[in-house]
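Enquirer: The numbering of the sequence shown is the working numbering, which starts it at 1 and goes up by one.
In this text, a Cβ means the ideal position worked out from N, Cα and C, and glycines have one as well.
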Amino acid sequence: MAFGSSQKRGGSSESRASREPPLDPEEQARDLCLRLLTGTPRTRRQLADAMRKREIPDEVAEQVLERFQDVGLIDDQAFANAWVESRHRGRGLARRALARELQHRGVDAELVTEAVGLLDSEQEEQTARELVRRRLPATRGLDRDKRIRRLAGMLARKGYPEGLALRVVRDALTAEGAAEQGEEESWLWESE
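1. Which of the three DSSP states is assigned to PRO57 in this structure?
2. Roughly how many angstroms lie between the CA atoms of ARG100 and GLU162, to the nearest whole one?
3. In whole angstroms, what is the alpha-carbon distance linking ARG42 and ASP143?
4. With PRO25 as the anchor, note down where its alpha helix (DSSP H) starts and where it stops.
5. Measuring straight from C-alpha to C-alpha, what distance separates ILE148 and ALA109?
6. Let me know the secondary structure DSSP gives LEU142 once reduced to three states.
7. Since THR127 is in the alpha helix (DSSP H), which residue starts that stretch and which ends it?
8. Classify GLY159: buried if its beta carbon has 16 or more other beta carbons within 10 angstroms, exposed otherwise.
9. The alpha helix (DSSP H) spanning VAL116 covers which residue range?
10. Given this structure, state the Cα-to-Cα distance separating LEU65 from LEU111, to the nearest angstrom.
11. Closest by CA to ALA208, which one among THR113, ALA29, LYS146?
12. Would you call the CB atoms of ALA175 and LEU151 closer than 9 angstroms?
13. For ASP76, report the span of its alpha helix (DSSP H) as first-last.
14. When burial is assigned at 16 or more other CB atoms within 10 Å of the CB, is ALA138 buried or exposed?
15. So, at 8 angstroms on beta carbons, what are the nonlocal neighbours of ARG44 in its own chain, with the 5 sequence-adjacent residues on each side left out?
16. Under the rule that 16 or more other beta-carbon atoms within 10 Å means buried, what is VAL71, buried or exposed?
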């Protein structure tokens, strides 16, 4: 009986995998790329790395990537442009941080430069001011120098240059002080 049961296990392990012919490397590469591109856009390098992990031969991977690029399924420039727009708007990242993220994802330096060039310095400064405006109330009660360090540090982590960060933070603190001064003066006038 023991012999018969092990034979059954051997027979059942001969499931679907042994009945269907294995995919050739090109089919595997296409299937992998399509599956990865279904969830979210990917760069050419991200797809190439995924195929390398699956041990798909480089020449086959390159052929599939070329075909996908020819038909528009892979477009690193469109990926970079969308990334910049989304991450700047959603997370408030500056050009420097966005460039780092795109380079990390394997986007060509020229395409990165073009994509981050879509953000002008006025837009970047406006976003920095908005980030500080939202975070400013959480720093009330701290001394001025500590507030400056915290707010400028937040902007630095998002990729804003030091000069811009300090200027924006100081402007916000000055405006806050003037607003508080104005409120105090109006309160004094009302109480008289």
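Expert: Reading off the structure:
1. coil
2. 17 angstroms
3. For ARG42 and ASP143, the distance between alpha carbons rounds to 45 angstroms.
4. 25-39
5. 33 angstroms
6. coil
7. In this chain, the alpha helix (DSSP H) harbouring THR127 covers 121-135.
8. The residue in question, GLY159, is buried, as its Cβ has 16 or more Cβ neighbours within 10 Å.
9. 109-116
10. 18 angstroms
11. The requested residue 208 does not occur in the structure, where the chain is confined to residues 1 to 192.
12. No, the Cβ-Cβ distance between ALA175 and LEU151 is not below 9 angstroms.
13. 76-91
14. ALA138 should be labelled exposed.
15. LEU65, GLN69, ILE74, ASP76, GLY106
16. exposed
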